[in-house]
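To start, the structure under review is shown below, and the notes come after it.
Numbering (the working numbering), first residue to last: 261 to 447.
Next comes the structure, spelled out in structure tokens:
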């Protein structure tokens with residue numbers, strides 16, 4: 261994955277977490293605050309993008325939620341975290357044409373045992389420069405809680421007309437999990 265796509269995921273996460281322009285807070289949803297010693301892996305956020313292709317206007321909404329029903333993960337220090345899910349809603353000219361929920365399990369076939377045990381679905385972002393009226397493209401990041409932008413990255417294609425989804429591991433990313441420590445300073 262190009263650094264710009266990874267940077268877009270991290271930037272979207274940070275912007276939404278800080279309440280900057282382009283992010284909106286989720287309101288009217290039930291509280292998912294932990295009622296135990298288990299920590300949330302991230303804050304909840306909602307992002308909306310509007311894309312125009314010819315006479316069609318697409319509105320794409322991404323909502324990241326802390327999901328207390330998913331298996332928890334433990335980091336290297338033994339701290340337990342709730343995982344996230346990301347819901348995507350796609351509207352074309354005001355009519356909903358696609359809806360999909362993603363969890364870390366959707367990427368399971370590409371994850372190492374350590375990723376399954378210690379990582380969460382950090383977030384997703386739309387890759388607007390790769391979208392068309394026929395196919396919307398997204399990037400996703402799996403990683404340790406609080407380690408934005410590190411861990412396996414994925415490319416997702418969604419066909420609004422059929423609802424078909426394809427997921428592929430992005431092998432061109434810059435920081436695979438095994439290389440995150442010890443190679444500091446290399447580009």
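Yeah, the Cβ is synthetic: ideal placement off N, Cα and C, and Gly gets one too.
Determine the closest residue to residue i out of the options, with distance taken between C-alpha atoms.
i           : options            : result
residue 351 : 423, 432, 428, 430 : 423
residue 341 : 348, 347, 349, 332 : 332
residue 368 : 432, 348, 380, 301 : 380
residue 302 : 329, 330, 343      : 343
residue 307 : 316, 324, 357, 299 : 324
residue 316 : 357, 371, 389      : 357
residue 328 : 370, 297, 419      : 297
residue 304 : 355, 383, 372, 359 : 383
residue 413 : 402, 394, 419, 421 : 402
residue 388 : 416, 370, 426      : 416
residue 349 : 432, 430, 309, 405 : 309
residue 390 : 418, 355, 432      : 418
residue 411 : 370, 397, 425      : 370
Rounded to a whole number of angstroms, what is the C-alpha to C-alpha distance between residue i and residue j?
i           : j           : result
residue 392 : residue 311 : 9 Å
residue 313 : residue 386 : 15 Å
residue 395 : residue 363 : 21 Å
residue 459 : residue 399 : Any answer about residue 459 is impossible in this case: the structure gives the chain only from 261 up to 447.
residue 421 : residue 359 : 11 Å
residue 404 : residue 378 : 6 Å
residue 291 : residue 300 : Low confidence applies here, because residue 291 scores a pLDDT of 42, under 50, leaving its location unreliable; read the following figure in that light. Each residue's Cα considered, the two are about 12 Å apart.
residue 431 : residue 374 : 18 Å
residue 372 : residue 354 : 40 Å
residue 426 : residue 361 : 13 Å
residue 326 : residue 346 : 9 Å
residue 366 : residue 406 : 21 Å
Given 6 Å as the limit, tell me if residue i has its C-beta closer than that to any heavy atom belonging to the ligand HEM.
i           : result
residue 324 : As presented, the structure is devoid of all ligands, the ligand HEM included, so that no description of it is given.
| In chain order, which beta strand (DSSP E) runs of at least 3 residues are fully inside the region 305-335? | 305-313, 316-327
| Length-filtered (3 minimum) beta strand (DSSP E) runs lying within the region 329-383 | Fully enclosed beta strand (DSSP E) runs of no fewer than 3 residues occupy 340-352, 355-362 of the region 329-383, in order along the chain.
| query | Below 8 Å, can you find three or more Cβ-Cβ pairs linking the region 331-341 to the region 309-323? | reply | With a cut-off of 8 Å, the region 309-323 and the region 331-341 do not count as touching, because too few Cβ pairs lie within range.
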